[in-house]
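Colleague: Before I ask anything, let me first share the structure, which is written out below as C-alpha cells.
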Amino acid sequence: MTMNNFKPFDPLKAKSLADTEVAALAQKREIKNILGSYVGWYDPFCELIQNALDSIEERAANEDNYEPTIWIGINIKNNSLSVTDNGIGLDEDKFQKFLCPDISFKSGKTRGHKGVGATYLAYGFNYIQVATKFPGFSAVGKMEGSRNWLNDENPSGNPQMKQDEKVYAKAFSEIDRGVSIFVKFDQSTHPKDLKWIVADQAEEWLKILSVKTGLGAFTANNDIKVVLKVVDRDGTKTEVVQKGIEYFLPHNAVQKSASASEINNKLDELFKKKGKNLIYHQGLKTLMLFTNDGQQTSFLSWQKTVGLKLTKTR
Ligand SMILES: Nc1ncnc2c1ncn2[C@@H]1O[C@H](COP(=O)(O)OP(=O)(O)OP(=O)(O)O)[C@@H](O)[C@H]1O
Ligand SMILES: [Mg+2]
Numbered sequence: 013m014t015m016n017n018f019k020p021f022d023p024l025k026a027k028s029l030a031d032t033e034v035a036a037l038a039q040k041r042e043i044k045n046i047l048g049s050y051v052g053w054y055d056p057f058c059e060l061i062q063n064a065l066d067s068i069e070e071r072a073a074n075e076d077n078y079e080p081t082i083w084i085g086i087n088i089k090n091n092s093l094s095v096t097d098n099g100i101g102l103d104e105d106k107f108q109k110f111l112c113p114d115i116s117f118k119s120g121k122t123r124g125h126k127g128v129g130a131t132y133l134a135y136g137f138n139y140i141q142v143a144t145k146f147p148g149f150s151a152v153g154k155m156e157g158s159r160n161w162l163n164d165e166n167p168s169g170n171p172q173m174k175q176d177e178k179v180y181a182k183a184f185s186e187i188d189r190g191v192s193i194f195v196k197f198d199q200s201t202h203p204k205d206l207k208w209i210v211a212d213q214a215e216e217w218l219k220i221l222s223v224k225t226g227l228g229a230f231t232a233n234n235d236i237k238v239v240l241k242v243v244d245r246d247g248t249k250t251e252v253v254q255k256g257i258e259y260f261l262p263h264n265a266v267q268k269s270a271s272a273s274e275i276n277n278k279l280d281e282l283f284k285k286k287g288k289n290l291i292y293h294q295g296l297k298t299l300m301l302f303t304n305d306g307q308q309t310s311f312l313s314w315q316k317t318v319g320l321k322l323t324k325t326r
C-alpha cells in the first residue's frame with residue numbers, strides 16, 4: 013500500500029472550511045454540548061450574577077469614587093430574571109461577539125473564564141434582551157426563539173439579535189456605564205417556572221442567592237451593593253438592598269442552629285417515629301444542613317404555608 017503525501021495542515025481550520033450546512037451543524041452541536049453542562053436550576057442566576065460581579069470588580073480596580081452595584085430583578089409573575097450592573101459595559105465589538113461559544117474577554121482572577129456562560133444564556137432560553145452602555149456605544153438588542161431553534165431540525169436560519177427599544181430593567185436608566193441582561197423562562201427551558209421555588213419575597217431570595225450564586229462570595233467584599241427586587245405571582249413587589257457580599261452562613265441569620273449530625277440524628281428519629289411525610293411545624297420556612305466547614309450539604313424540601321416535608325436530599 014502506498015501512502016499519500018500531504019502538506020502540514022491545521023485541523024482547527026475544518027470548521028471554517030466546511031460547507032455552510034456542516035459548519036452550521038457543528039456550531040449547533042457545540043452549543044448543545046455547552047447547554048448539556050448546565051443542569052442546575054440556579055444556573056441562569058449564577059451565570060448572570062457572576063458576569064456582573066466580574067465586570068464591576070474590573071471597573072472598581074481602575075476607578076475611584078465608584079460604587080459597584082448590581083440590580084437583580086426576579087419576576088415570578090412574568091417568569092423572568094434580569095441582572096444589571098454598573099460595571100465596564102460591552103463595547104460594540106464585544107456586544108456582537110460575547111454570546112458566541114468559547115468567546116471570553118477575561119483573563120486573570122475573574123470568576124468566569126471559559127467563555128460559555130453567555131452562550132448558555134442566549135441559547136438556553138427563548139428570550140434574551142441585552143442592553144449595554146459603554147463610552148461611545150450604547151445599544152439594546154433582543155434575540156428570540158434560540159432554544160427552540162436548537163431543537164429544530166429544519167430551521168429557517170440562525171436566531172438574530174435585533175435592535176430593541178425599551179429596556180426591561182429600570183435600573184439601566186440610572187447607570188452611566190454597564191450591562192443589563194434579561195432572560196425569560198418558558199415550558200421548554202430549565203428552569204421552566206420560577207413559581208417552583210416557593211420563595212416570593214426579596215429577603216428570602218437574597219438568602220437563597222447567597223447560598224447558590226456568586227453573591228455568596230467566599231471572600232467577603234464590603235464595597236459591592238446589591239439591590240434585589242422580587243415581583244411575586246400576584247404582582248406584589250418587595251425589595252432588599254444589601255451593602256457587601258459574603259457567603260450565607262447559618263449562624264449569621266438563624267436564631268437557632270445545630271450541627272449537621274445533630275440535625276441528621278433528629279431527622280432519623282423523626283423518620284422512625286412519624287414516617288417520611290411528616291409535616292414540620294408551621295412557620296419554619298427554610299431548613300438547611302451545613303457541614304462544619306460551612307458548605308451546604310442539602311436543602312430539605314420546603315413549603316411555606318403547609319409546613320415542611322422531610323425528604324432527605326443528600
Ligand atoms: N455583565 C457584563 N459586563 C461586561 N462584560 C460582560 C458581561 N457579561 C459578559 N461579558 C463579556 O462577555 C464575555 C463572555 O461571557 P461568558 O459568560 O460567556 O464568559 P466568561 O464569563 O468569560 O466565562 P464563563 O464561561 O466561565 O462564564 C466575558 O468574557 C465578558 O468579557
Ligand atoms: Mg461568565
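As numbered in this note's numbering, residues 13 to 326 make up the sequence shown, in order. All residues carry an ideal CB built from backbone N, CA and C; glycine is no exception.
Tell me, to the nearest whole angstrom, how far the beta carbon of ASN138 is from that of SER200; I am working on the premise that it is less than 8 Å.
Modeller: Yes, ASN138 and SER200 are in contact; Cβ-Cβ is about 7 Å, under 8 Å.
Colleague: Within 10 Å of its beta-carbon, does SER158 have 16 or more other beta-carbons around it, so buried, or fewer, so exposed?
Modeller: It is buried - the Cβ of SER158 has at least 16 other Cβ atoms within 10 Å.
Colleague: Look up ALA181 in the DSSP assignment and say whether it is helix, strand or coil.
Modeller: Coil.
Colleague: Enumerate in chain order the residues of its own chain whose CB-to-CB distance from GLY10 is below 7 Å, with the five nearest sequence positions on each side excluded.
Modeller: A question about residue 10 goes unanswered here, because the residues of the chain that appear run from 13 up to 326.
Colleague: Starting from the Cα of ASN166, find the closest Cα among ALA36, ASN17, THR14 and give me that residue.
Modeller: When only C-alpha atoms are compared, the closest one is ALA36.
Colleague: Roughly how many angstroms lie between the CA atoms of VAL128 and LYS284, to the nearest whole one?
Modeller: Cα to Cα, VAL128 sits roughly 46 Å from LYS284.
Colleague: Determine the DSSP secondary structure at LYS284, reduced to helix, strand or coil.
Modeller: Three-state result, LYS284: helix.
Colleague: Which whole-angstrom value is the C-beta distance of THR96 and PHE184, which I expect to be below 8 Å?
Modeller: Yes, THR96 and PHE184 are in contact; Cβ-Cβ is about 5 Å, under 8 Å.
Colleague: From CYS112 to ILE187, what does the alpha carbon distance come to, in whole angstroms?
Modeller: Answer to the nearest angstrom: the Cα atoms are 26 Å apart.
Colleague: Consult DSSP for ASP97 and reduce its assignment to one of helix, strand or coil.
Modeller: DSSP places ASP97 in strand when its eight states are reduced to three.
Colleague: Suppose only complete runs of 3+ residues qualify. What are the beta strand (DSSP E) ranges in the segment 145-184, listed by chain order?
Modeller: Counting whole runs of 3 or more residues, the segment 145-184 contains the beta strand (DSSP E) stretches 149-156.
Colleague: List, from N- to C-terminal side, the beta strand (DSSP E) runs of 3 residues or more that fit wholly inside the segment 121-148.
Modeller: List check, beta strand (DSSP E) in window: 139-146.
Colleague: Just tell me which of MET155, ARG189, ASP164 has its CA closest to the CA of GLU177.
Modeller: Residue MET155 is the option with its Cα nearest to GLU177.
Colleague: Taking only three categories from DSSP, how would you classify GLY52?
Modeller: Reduced to three states, the DSSP call for GLY52 is coil.
Colleague: For the candidate residues LYS44, ILE220, PHE21, THR250, whose alpha-carbon lies nearest to that of GLU258?
Modeller: Measuring from the Cα of GLU258, the nearest candidate turns out to be ILE220.
Colleague: With respect to the alpha helix (DSSP H) encompassing TRP217, which residues constitute its N-terminal and C-terminal limits?
Modeller: Its alpha helix (DSSP H) spans residues 214-224.
Colleague: Do the CB positions of LEU231 and VAL242 come within less than 7 Å of each other?
Modeller: The amino acid at residue 231 is misidentified as Leu; the sequence shows Thr. Against a cut-off of 7 Å, the Cβ pair of VAL242 and THR231 comes out as no contact.
Colleague: Express the C-alpha separation of GLU281 and LYS44 in angstroms, rounding to a whole number.
Modeller: Straight-line Cα distance between these residues: approximately 45 Å.
Colleague: Can you give me the start and stop residues for the alpha helix (DSSP H) that ASP103 sits inside?
Modeller: Careful: ASP103 lies outside any alpha helix (DSSP H) and carries neither H nor E.
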